[in-house]
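Following: one structure in structure tokens, then a few remarks.
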Amino acid sequence: MSADLLELAIVIPTFNERANVPVLVAKLDQALKGRNWEAIFVDDDSPDGTAQAARELARIDRRVRVIQRIGRRGLSSACIEGMCATAAPFVAVIDGDLQHDETILPAMLDALEGDAALDLVVGSRFVEGGGTGEWDRDRVAKSAFATRLSRRVLKADLSDPMSGFFMIRTDIVRALVPTLSAIGFKILLDIMTASPRPLRFRELPYVFRVRTEGESKLDHVVAMEYLIAIYDRMFGRIVPVRFAMFSGIGALGAAVHFAALGLLFRLMGLPFVTGTIIATFVAMTFNFFLNNALTYRGQRLKGARALFGGWVSFCLVCAVGAVANVGVSAFLHDAQHGDWRVSALAGVAVSAVWNFALSSRFTWGR
Ligand code: GDD
Ligand code: MN
């Protein structure tokens, strides 16, 4: 390849990694001497000013580029955007916190350039010569569990499907983008399971380094997103993940509705209809916040004003459902004078369908 042609893009997803940015660029410069590369930071508007730090570098070093995403979060989706933003034929993804070993990048590139049949090279902690560094037992166990779970969707014999460190032919990812789930942290697993044909990979060992600056963003929500991503690959075509979550939260909302109604109607002696109306609002508010935090996490409404507006719109679009709820349950209650819970459940079921259809469009739709 001619010395002037861009060979490789290194996509670096970042969230609050300001102190690591200049160190990483210096390390890339060292590791990739003689190669033609660019680094693309994809930052989700980190409060610590990571994007600004990267831009300052970009002004003096044209190999550095910055994508600053506003109002969005997500490691996988950030990686995808970065990978789509380059003209280089090869693209690598590497963490911005220096935990991945950038010194194996040239070997990854050589492997891909030297073997046209090879689709990607994966940095692995679990082949000879690799390692997880100083991981406590708990994290080793969790990682092993996640890896086992991934086997349910992954047909390839990857030793480290949880790895977020790999290099791939750019045109392959570009073709797969429409079928990626883009949920959570596991971009490599997403790519491997999206491909209609088995991708040909090679694994190169590396030792996962200890983080010295900033902190990990892997929390309970990320763990839950992983389960959602697996669900999406297994059943997403039958019951879309959004609807499954909305229904699950709806079921919790129904429990809240029952509890509130039981309290108001049975214990406090309010009329059934009044109790149902109040219980409906309590459940609606509960559902709004939970859906905002989970189902629509990627486009979550933030700040008091947006939240209030969203809540009002959620209540308004669900008003149809709430009216149906009150109507159906009150009608059944009057008609049968039987079990009040059956009446309430029928009302909730009718409103749930309405709520999803209307709110996905009007409350969280863009
Ligand atoms: N743009 C963006 N948006 N970047 C993010 C986000 C986000 O929402 N969340 C995390 N990042 C960035 C971090 O700033 C860091 O550069 C990189 O993604 C990895 O995030 P960490 O929070 O450091 O993750 P980790 O070290 O716990 O997990 C790593 O190890 C896993 C294997 O155990 C990641 O490399 C995973 O991809 C990997 O699977
Ligand atoms: Mn990390």
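Numbering (full-length UniProt numbering), first residue to last: 1 to 366. Glycine included, every Cβ here is placed at the ideal spot set by N, Cα and C.
Which first and last residues belong to the beta strand (DSSP E) in which Glu38 is found? For the purposes of this step, residue 38 is identified with residue 38 of the sequence shown, where counting begins at 1. Looking at the DSSP string, the run of the beta strand (DSSP E) that includes Glu38 is Trp37 to Asp43.
Would you list the residues sitting across from Ile230 in a DSSP beta bridge? Along the sequence shown, one-based indexing puts residue 230 at 230. According to DSSP, Ile230 bridges with nothing at all.
In angstroms, rounded to a whole number, what distance separates the CA positions of Ala111 and Lys186? Locating residue 111 in the sequence shown gives position 111, where the first residue counts as 1. Locating residue 186 in the sequence shown gives position 186, where the first residue counts as 1. Going by the C-alpha atoms only, they are around 23 Å apart.
With three or more beta-carbon pairs closer than 8 Å as the criterion, would you say the region 256 to 272 touches the region 341 to 349? yes
Where does the unbroken alpha helix (DSSP H) through Ile278 begin, and where does it stop? Residue mapping note: residue 278 aligns to position 278 of the sequence shown, counting from 1. Where Ile278 is concerned, the enclosing alpha helix (DSSP H) stretches over Phe272 to Leu290.
Please state whether DSSP places residue 438 in a helix, a strand or coil. In the structure as shown, the chain starts at 1 and stops at 366, and residue 438 therefore has no counterpart that could be examined.
With distances taken from each beta carbon to the nearest heavy atom of the ligand GDD, which residues come in below 6 Å, in chain order? Pro13, Thr14, Phe15, Glu17, Val42, Asp43, Asp44, Arg73, Gly74, Leu75, Ala78, Asp95, Gly96, Asp97, Gln99, Ser143, Met162, Ser163, Gly164, Phe185, Ser216, Lys217 and Leu218
If you measure between the beta carbons of Val241 and Tyr226, is that distance less than 8 Å? If you number the sequence shown from 1, residue 241 lands on position 241. If you number the sequence shown from 1, residue 226 lands on position 226. For Val241 and Tyr226, no; Cβs fall outside 8 Å.
Name the DSSP beta bridge partners of Ser124, please? The count along the sequence shown starts at 1 and reaches residue 124 at position 124. Answer is Pro205, bridged to Ser124.
Check whether Arg148 and Met234 have beta carbons under 8 Å apart: Taking the sequence shown and counting its residues from 1, the one referred to as residue 148 is at position 148. Taking the sequence shown and counting its residues from 1, the one referred to as residue 234 is at position 234. Cβ distance not < 8 Å, so Arg148 and Met234 don't count as in contact.
The ligand MN and Asp211: does any heavy atom of the ligand fall closer than 7 Å to the residue's C-beta? If you number the sequence shown from 1, residue 211 lands on position 211. First, the amino acid is wrong: residue 211 is Arg here, not Asp. Yes, Cβ of Arg211 sits closer than 7 Å to a heavy atom of the ligand MN.
Are three or more beta carbon pairs between the region 130 to 139 and the region 175 to 195 nearer than 8 Å? no
Just the C-alpha distance for Asn292 and Val353, rounded to the nearest angstrom, thanks. Position 292 of the sequence shown, counted from the start, is the residue given in the question as residue 292. Position 353 of the sequence shown, counted from the start, is the residue given in the question as residue 353. Between Asn292 and Val353, the C-alpha separation is close to 17 Å.
Could you tell me whether the region 185 to 204 touches the region 71 to 82, using the rule of 3 or more Cβ pairs below 8 Å? yes
Do the CB positions of Pro13 and Ser124 come within less than 8 Å of each other? For the purposes of this step, residue 13 is identified with residue 13 of the sequence shown, where counting begins at 1. For the purposes of this step, residue 124 is identified with residue 124 of the sequence shown, where counting begins at 1. No, the Cβ-Cβ distance between Pro13 and Ser124 is not below 8 Å.
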